[in-house]
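J.: In mature numbering (1 follows the signal peptide of the UniProt record, and there is no 0), the protein residues as written are -26 to -1, 1 to 103. We treat Cβ as the ideally placed atom computed from N, Cα and C, and that holds for glycine.
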């Protein structure tokens, strides 16, 4: 009698677990089961791209935006990220991001000076370690 009770409860809990897992999976309307960054905001830690300047050189920041373009490098990859305020290039080891994907990066602001004919054509970018 006791063993039958234990067996019944085990069967009940196993069935309940399977039902919950199946229900949660079926409710997922995403193409993949990754985190949806569409509405995800870190909050005050995210820096608007427009506010990044040369004086932020070697400062660690977070940016959030959408992948606009990609450029392969020798051992890394560059992504042009845009938010509602501007665009910036990000250099990272991560090589599997697609155009249109929402991303968050933490990296160091870098400024590369390019003086040409007495004018400054430098570029600000983000380097992810």
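Give every residue of the same chain whose Cβ lies closer than 6 Å to the Cβ of residue 101, excluding the five residues on either side of it in the sequence, and list them in chain order.
T.: Once the five neighbours on either side are set aside, the close Cβ partners of residue 101 are 65, 81, 82 and 84.
J.: So residue 37 and residue 79 are in contact, right, with Cβ under 8 Å, and what is the actual spacing, rounded?
T.: The Cβ separation is near 5 Å, so the contact holds.
J.: Which residues in the same chain have their Cβ closer than 6 Å to the Cβ of residue 45, if we skip the five residues on either side of it in sequence?
T.: The residues are 52.
J.: Using only alpha-carbon positions, find the residue among 21, -19, 50 and 29 that is nearest to residue 67.
T.: Of the listed residues, the one whose Cα sits closest to residue 67 is 50.
J.: Where does residue 25 fall in DSSP's three states?
T.: Of the three classes helix, strand and coil, the one that applies to residue 25 here is helix, per DSSP.
J.: So residue 28 packs on residue 88, CB below 8 Å; how close in whole Å?
T.: Not a contact, Cβ separation roughly 12 Å.
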